[in-house]
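Engineer: The structure under discussion is supplied below as structure tokens; questions concerning it will follow.
Protein chains: 2
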Amino acid sequence: MGTELLLGEVLNTNAQFLSRFCAHHGLDVYHHVTVGDNWERLSDALVRARRRADLVLISGGLGPTPDDITREVVADVWGCPLRADAKEMRVIEGFFRRRGVPMTENNRRQALLPQGAVSLPNPNGTAPGFYLEHDDAHVAALPGPPRELEPMVTASLGPLLKASDRLPASRLYSRDLLLAGIGESQVAERIADLLRDQDDPSIATYAGGGRIRIRLATRAKDEAEALASFRPVLDVLKSRLGAFIYGYDDETLPGAVGRLLKARGLTLGVAESCTGGGLAHWMTEIPGASDYFSGGLVTYSNASKIALLEVAPSTIERYGAVSIPVAKAMALGAAKRLNAEVSAAITGVAGPSGGTPEKPVGLVCFAFYGPWGLTSEDVQFNGSRALIRERSIIHTLMRLRQHLGEEQAG
Amino acid sequence: MGTELLLGEVLNTNAQFLSRFCAHHGLDVYHHVTVGDNWERLSDALVRARRRADLVLISGGLGPTPDDITREVVADVWGCPLRADAKEMRVIEGFFRRRGVPMTENNRRQALLPQGAVSLPNPNGTAPGFYLEHDDAHVAALPGPPRELEPMVTASLGPLLKASDRLPASRLYSRDLLLAGIGESQVAERIADLLRDQDDPSIATYAGGGRIRIRLATRAKDEAEALASFRPVLDVLKSRLGAFIYGYDDETLPGAVGRLLKARGLTLGVAESCTGGGLAHWMTEIPGASDYFSGGLVTYSNASKIALLEVAPSTIERYGAVSIPVAKAMALGAAKRLNAEVSAAITGVAGPSGGTPEKPVGLVCFAFYGPWGLTSEDVQFNGSRALIRERSIIHTLMRLRQHLGEEQAG
Numbered sequence: 029m030g031t032e033l034l035l036g037e038v039l040n041t042n043a044q045f046l047s048r049f050c051a052h053h054g055l056d057v058y059h060h061v062t063v064g065d066n067w068e069r070l071s072d073a074l075v076r077a078r079r080r081a082d083l084v085l086i087s088g089g090l091g092p093t094p095d096d097i098t099r100e101v102v103a104d105v106w107g108c109p110l111r112a113d114a115k116e117m118r119v120i121e122g123f124f125r126r127r128g129v130p131m132t133e134n135n136r137r138q139a140l141l142p143q144g145a146v147s148l149p150n151p152n153g154t155a156p157g158f159y160l161e162h163d164d165a166h167v168a169a170l171p172g173p174p175r176e177l178e179p180m181v182t183a184s185l186g187p188l189l190k191a192s193d194r195l196p197a198s199r200l201y202s203r204d205l206l207l208a209g210i211g212e213s214q215v216a217e218r219i220a221d222l223l224r225d226q227d228d229p230s231i232a233t234y235a236g237g238g239r240i241r242i243r244l245a246t247r248a249k250d251e252a253e254a255l256a257s258f259r260p261v262l263d264v265l266k267s268r269l270g271a272f273i274y275g276y277d278d279e280t281l282p283g284a285v286g287r288l289l290k291a292r293g294l295t296l297g298v299a300e301s302c303t304g305g306g307l308a309h310w311m312t313e314i315p316g317a318s319d320y321f322s323g324g325l326v327t328y329s330n331a332s333k334i335a336l337l338e339v340a341p342s343t344i345e346r347y348g349a350v351s352i353p354v355a356k357a358m359a360l361g362a363a364k365r366l367n368a369e370v371s372a373a374i375t376g377v378a379g380p381s382g383g384t385p386e387k388p389v390g391l392v393c394f395a396f397y398g399p400w401g402l403t404s405e406d407v408q409f410n411g412s413r414a415l416i417r418e419r420s421i422i423h424t425l426m427r428l429r430q431h432l433g434e435e436q437a438g
Numbered sequence: 029m030g031t032e033l034l035l036g037e038v039l040n041t042n043a044q045f046l047s048r049f050c051a052h053h054g055l056d057v058y059h060h061v062t063v064g065d066n067w068e069r070l071s072d073a074l075v076r077a078r079r080r081a082d083l084v085l086i087s088g089g090l091g092p093t094p095d096d097i098t099r100e101v102v103a104d105v106w107g108c109p110l111r112a113d114a115k116e117m118r119v120i121e122g123f124f125r126r127r128g129v130p131m132t133e134n135n136r137r138q139a140l141l142p143q144g145a146v147s148l149p150n151p152n153g154t155a156p157g158f159y160l161e162h163d164d165a166h167v168a169a170l171p172g173p174p175r176e177l178e179p180m181v182t183a184s185l186g187p188l189l190k191a192s193d194r195l196p197a198s199r200l201y202s203r204d205l206l207l208a209g210i211g212e213s214q215v216a217e218r219i220a221d222l223l224r225d226q227d228d229p230s231i232a233t234y235a236g237g238g239r240i241r242i243r244l245a246t247r248a249k250d251e252a253e254a255l256a257s258f259r260p261v262l263d264v265l266k267s268r269l270g271a272f273i274y275g276y277d278d279e280t281l282p283g284a285v286g287r288l289l290k291a292r293g294l295t296l297g298v299a300e301s302c303t304g305g306g307l308a309h310w311m312t313e314i315p316g317a318s319d320y321f322s323g324g325l326v327t328y329s330n331a332s333k334i335a336l337l338e339v340a341p342s343t344i345e346r347y348g349a350v351s352i353p354v355a356k357a358m359a360l361g362a363a364k365r366l367n368a369e370v371s372a373a374i375t376g377v378a379g380p381s382g383g384t385p386e387k388p389v390g391l392v393c394f395a396f397y398g399p400w401g402l403t404s405e406d407v408q409f410n411g412s413r414a415l416i417r418e419r420s421i422i423h424t425l426m427r428l429r430q431h432l433g434e435e436q437a438g
């Protein structure tokens, strides 16, 4: 794995996963180090890690090929010679017997563990991990593939660490506030004082995919203590940014809109031009969306706007396909054709070409129909084609959330 | 930046970007190291990096806050005291003058560079980077945010390195073969001999998002030499995996399907149930898709299948919404309603609930209509709701590609 990381072939998602795991358990992380499948460099990295850390987490190099040397180097650095683990040997032998494939010496090597180590079962691969408690530094060796490493950490390493003496009494708790429809720099301006002075809980913002995450984090002995620490800061954030907040922690924008539709017993139909089905795709990410999502019409051409949504040809001719009148006609057509009480329509210039001085790339027209009536607006977005499409979807969902949550049936 | 990485808040995309940059320029990367905003740990890491490397690349810690210490630590470790850079000072002063914001001492610090260093302009932020040629190890300091670092590396650092004496005469070239519709383990079985024995060009597989990338890489003095080295291996790969290959390098599956439609002068319309508009969204990722994509119907409910696609209620009643007869009716309805020569329809059980013993989660029915007639099939996929939806889209695109590329109008 190390070699692929050093070539830039793959992203080091294991470093992030293991860091979050440590933060969650109250362990401070001071170093990430990546080296290739090279005895000297790996040994050198582990000698230093053992010296400076209480716990060393290693991923990769447990496979069956001669390149995979983690097991041997750990045994050498920690001074605990390799021994065959009878249980793991049976697991590996069983695996090959069931497949009717001959087992090689290299496969046998996977059942070797440093003396005193306990094996970490790997239900998603052949290489078990191991965990070794040692006076100066505990060490865990984990497989490189994330789909093997992540379940092993959650199911086996976590409980072992909890049972050891290496976890602090307090750990890090966090609470995320999720925002959309506002830029990161605007958020930073509105809470500049907090970003500068707020110390515990700490506060940080992360932006990506048109959404912003404000994370509060604090070290506490239990959740109640953490929540008490978050509450006053959350109140300030809500008073300054309320209109842009769509949820907390793992909530999603389509999930929030779906809950509002369901609570009010309404169904949604959508008509999309430049977003090409993306809004419908997002809405149907949520299992059970059929309770409130009646369908979508992707009318990428003028002909399909006319045939499917009953937009009048004269409206398109007079105002152009990207216009408020066409967006309104699309929203009304979608509600009618999809037999929905609520509808949203998007038509815009996603680019990179097709813009004019009057209707530049990034101009997107929206219309929303529902108990509140028929509303519309146009927005000028910036960025690539993909970003303009994504921001148009987010804008639609934020507006639907407002209409559904704040305004009452008229 | 380092601190956020160590907490697992953000993924280290800079490590990947810089590694690819190095590989592309023939530079071997032996270590990635991440430390927080801490003088001792950063200094220690840089002392060791300077000793073992010809070139040290640093990202982060160039901002205006007291935490940002990269500039000072580099000056200290390389023994080159900081000096104000007149040009960068003017740039920063101009930035604050234009905004009418008072400039602080910390902002001024951003124009300090180690003696002998050249500044790397930052058009996307206030902190310039710098590059210092030094006998034992050249060093470049780059900003942490990827949207500042990436353009700086491409526009400034690359040309400076090319002009220096640090780049080898040969560099790494690669060629990616893109596959879909086959699992990674099946690929590994079909080319087990190559994966084991093939040395130069090297061969590696990467899987993700239902697609597989087989990468050939070799060190060569120019592209012609690299291509000559790839050709015999590519021929073997094509002979063993031809049916699953949809493109090379940066090609995309919707792009490949779009090219075939355009070349044959055909338009595509789609009808989607479980994928909820995702197929339409993928097809319209490509600028200019309106030349061949006529539209899509997201018929998530039975009512919309009947109203929009003219699926007979008796067909749904008799066979169920997830069935070959319904998929066929959807494809024919989409072609008719969207006035398209080619159509594809998807209806399936995306889960996580809604499965039955007869129609389990992951069962997806497809139909394809076009000059080849009307074809259909069902496939049992595994995985999460998101994965089942993604694999259904990929399956549809692969099948369209086959129909459009291999079969002639009947």
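Line by line, the protein sequences give chains A and B.
So the first sequence is numbered by our numbering: it starts at 29 and just counts up by one.
So the second sequence is numbered by our numbering: it starts at 29 and just counts up by one.
All C-beta atoms in this analysis are idealised placements derived from N, C-alpha and C, irrespective of residue type, glycine included.
#1: What are the partner residues of A:T424, as DSSP defines its beta bridges?
#2: Does B:L269 come out as helix, strand or coil in the three-state DSSP assignment?
#3: Would B:Y328 pass as an interface residue toward chain A - the criterion being a Cβ-Cβ separation below 7 angstroms?
#4: Taking contact to mean 3 or more Cβ pairs, one atom from each stretch, closer than 8 angstroms, check whether the region 181-199 of chain B and the region 238-257 of chain B are in contact.
#5: Compute the beta-carbon to beta-carbon distance between B:S420 and B:T303, rounded to the nearest angstrom, for a pair I have assumed lies under 8 angstroms.
#6: Roughly how many angstroms lie between the CA atoms of B:L454 and B:Y397, to the nearest whole one?
#7: For the candidate residues A:G89, A:V370, A:L425, A:L262, whose alpha-carbon lies nearest to that of A:F158?
#8: Between the region 138-148 of chain A and the region 103-119 of chain A, do at least 3 Cβ pairs fall closer than 8 angstroms?
#9: Report the rounded CA-to-CA distance for B:R224 versus B:Q214, giving the unit in angstroms.
#10: Is the CB of A:F444 under 7 angstroms away from at least one CB in chain B?
#11: Using a Cβ-Cβ cutoff of less than 6 angstroms, which residues in the same chain neighbour A:Q408 once the five nearest sequence positions on both sides are dropped?
#12: Within 10 angstroms of its Cβ, does A:N42 collect 16 or more other Cβ (buried), or is it exposed?
#13: Check whether the Cβ of B:G411 lies closer than 7 angstroms to any Cβ atom in chain A.
#14: For A:L140, which residues does DSSP report across the bridge?
#15: Is the distance from the Cβ of A:C50 to the Cβ of A:V61 below 7 angstroms?
#16: If you draw a straight line from the alpha carbon of A:E418 to that of A:G237, how long is it in whole angstroms?
#17: Please report the straight-line C-alpha distance between B:R125 and B:A139, rounded to a whole angstrom.
#18: By the three-class DSSP mapping on this structure, what secondary structure does B:R194 have?
#19: Assuming B:P380 and A:P151 make a contact with CB atoms under 8 angstroms, what is their CB distance in whole Å?
#20: Please classify A:P171 as buried or exposed, where buried requires at least 16 other C-beta atoms within 10 Å of its C-beta.
#21: Taking C-beta pairs closer than 7 angstroms, name the residues in chain B that A:A208 reaches, listed in chain order.
#22: Examine the Cβ distances between the region 345-359 of chain A and the region 285-293 of chain A and report whether three or more of them are shorter than 8 angstroms.
#23: When the Cα of A:G270 is compared with those of A:G297, A:A208, A:P282, which residue comes out closest?
#24: With a threshold of 7 angstroms between beta-carbons, can B:N40 be considered close to chain A, or not?
#25: Answer yes or no: does any C-beta atom of chain A fall closer than 7 angstroms to that of B:F321?
#26: According to DSSP, what are the bridge partners of A:Q430?
#27: With A:H59 and A:W106 assumed to form a contact (beta carbons below 8 angstroms), what rounded beta-carbon distance in angstroms separates them?
#28: Mind checking if A:R48 is an interface residue toward chain B, Cβ cutoff 7 angstroms exclusive?
#29: List, in chain order, every chain A residue whose beta-carbon is nearer than 7 angstroms to that of B:Q138.
#30: Give me the chain B residues within the contact set of A:R365, using Cβ-Cβ distance strictly less than 8 angstroms, ordered along the chain.
#31: Which of the three DSSP states is assigned to B:E435 in this structure?
#32: What residues in the region 56-78 of chain B have a beta carbon less than 7 angstroms from any beta carbon of chain A?
#33: Of all the options A:G211, A:Y320, A:S87, which has the alpha carbon lying nearest to the alpha carbon of A:R175?
#34: Just checking my contact of B:L46 with B:L85 at CB under 8 angstroms: how many whole Å lie between their CB atoms?
#35: Would you say B:L294 lies against chain A (beta-carbon separation less than 7 angstroms)?
#36: Based on DSSP bridge pairs, tell me the residues matched to A:S371.
Structural biologist: Result, derived from the coordinates:
#1: For the purposes of this step, residue 424 of chain A is taken as residue 396 along the first sequence, with counting starting at 1. According to DSSP, A:T424 bridges with nothing at all.
#2: By one-based count along the second sequence, residue 269 of chain B stands at place 241. Helix at B:L269.
#3: In the second sequence, residue 328 of chain B corresponds to position 300, counting from 1. So yes, B:Y328 belongs to the interface.
#4: yes
#5: Within the second sequence, numbered from 1, the residue matching residue 420 of chain B stands at position 392. Within the second sequence, numbered from 1, the residue matching residue 303 of chain B stands at position 275. Sure, about 5 angstroms apart at Cβ, within 8 angstroms.
#6: Only positions 29 to 438 of chain B appear in this structure, which leaves residue 454 of chain B out of reach.
#7: Here residue 158 of chain A refers to the residue found at position 130 of the first sequence. When each option's Cα is compared against that of A:F158, the closest is A:G89.
#8: yes
#9: Walking along the second sequence from the start, residue 224 of chain B turns up at place 196. Walking along the second sequence from the start, residue 214 of chain B turns up at place 186. Spanning the two alpha carbons is a distance of roughly 15 angstroms.
#10: As shown, chain A starts at 29 and ends at 438. That puts residue 444 of chain A outside it, with no answer to give.
#11: The count along the first sequence starts at 1 and reaches residue 408 of chain A at position 380. Result list for A:Q408: G390, L391, in chain order.
#12: As a working note, residue 42 of chain A is residue 14 in the first sequence. Counting Cβ neighbours within 10 Å, A:N42 comes out buried, since at least 16 surround it.
#13: The residue labelled residue 411 of chain B in the question sits at position 383 within the second sequence. Judged by the 7 angstroms Cβ criterion, B:G411 is not in contact with chain A.
#14: Residue numbering aside, residue 140 of chain A sits at position 112 when the first sequence is read from its first letter. Beta-bridge pairing links A:L140 to A:A112.
#15: One-based indexing of the first sequence puts residue 50 of chain A at position 22. One-based indexing of the first sequence puts residue 61 of chain A at position 33. Result no, Cβ atoms of A:C50 and A:V61 do not sit closer than 7 angstroms.
#16: As a first step, residue 418 of chain A must be located in the first sequence, where it is residue number 390. As a first step, residue 237 of chain A must be located in the first sequence, where it is residue number 209. Their Cα atoms are separated by approximately 7 angstroms.
#17: Translated into positions along the second sequence, residue 125 of chain B becomes position 97. Translated into positions along the second sequence, residue 139 of chain B becomes position 111. Looking at the two C-alpha atoms, the distance is approximately 16 angstroms.
#18: Position 166 of the second sequence, counting from 1, holds the residue named residue 194 of chain B. Three-state result, B:R194: coil.
#19: To locate residue 380 of chain B, count along the second sequence from 1; it is residue 352. To locate residue 151 of chain A, count along the first sequence from 1; it is residue 123. Actually they do not touch by this definition, with Cβ atoms about 20 angstroms apart.
#20: The residue given as residue 171 of chain A occupies position 143 in the first sequence. Buried, by the Cβ-count rule.
#21: Indexing the first sequence from 1 puts residue 208 of chain A at position 180. Going along chain B, no residue has its Cβ under 7 angstroms from A:A208, so there is no contact; the nearest lies around 19 angstroms.
#22: no
#23: The residue given as residue 270 of chain A occupies position 242 in the first sequence. Selected option, being the one with the closest Cα: A:A208.
#24: What you label residue 40 of chain B is simply residue 12 of the second sequence in a count that begins at 1. So, interface residue.
#25: Counted from its first residue, the second sequence places residue 321 of chain B at position 293. Closer than 7 angstroms to some Cβ of chain A, the Cβ of B:F321 qualifies, so yes.
#26: To locate residue 430 of chain A, count along the first sequence from 1; it is residue 402. Per DSSP, none; premise fails for A:Q430.
#27: As a working mapping, residue 59 of chain A is identified with position 31 in the first sequence. As a working mapping, residue 106 of chain A is identified with position 78 in the first sequence. Contact flag wrong, Cβ pair sits at about 18 angstroms.
#28: Numbered from its first residue, the first sequence carries residue 48 of chain A at position 20. It does; some Cβ of chain B falls within 7 angstroms.
#29: Residue 138 of chain B sits at position 110 when you count from the first residue of the second sequence. The premise fails here: B:Q138 is roughly 18 angstroms from chain A at the closest Cβ pair, so nothing lies under 7 angstroms.
#30: Taking the first residue of the first sequence as 1, we reach residue 365 of chain A at position 337. By Cβ distance, chain B contributes A335, L336.
#31: Indexing the second sequence from 1 puts residue 435 of chain B at position 407. With a pLDDT of 45 at B:E435, under the threshold of 50, the predicted position of this residue should be treated as unreliable, though the coordinate-derived value follows. Coil at B:E435, not helix or strand.
#32: V57, Y58, H59, H60, V61, T62, V63, G64, R69
#33: The sequence position of residue 175 of chain A within the first sequence is 147, counting from 1. Taking only the C-alpha atoms, the option nearest A:R175 is A:S87.
#34: What you label residue 46 of chain B is simply residue 18 of the second sequence in a count that begins at 1. What you label residue 85 of chain B is simply residue 57 of the second sequence in a count that begins at 1. B:L46 to B:L85, Cβ: 5 angstroms. Contact.
#35: Your numbering for residue 294 of chain B matches position 266 in the second sequence. It does not: the Cβ of B:L294 has no partner Cβ on chain A nearer than 7 angstroms.
#36: If you number the first sequence from 1, residue 371 of chain A lands on position 343. Beta-bridge pairing links A:S371 to A:G297, A:Y397.
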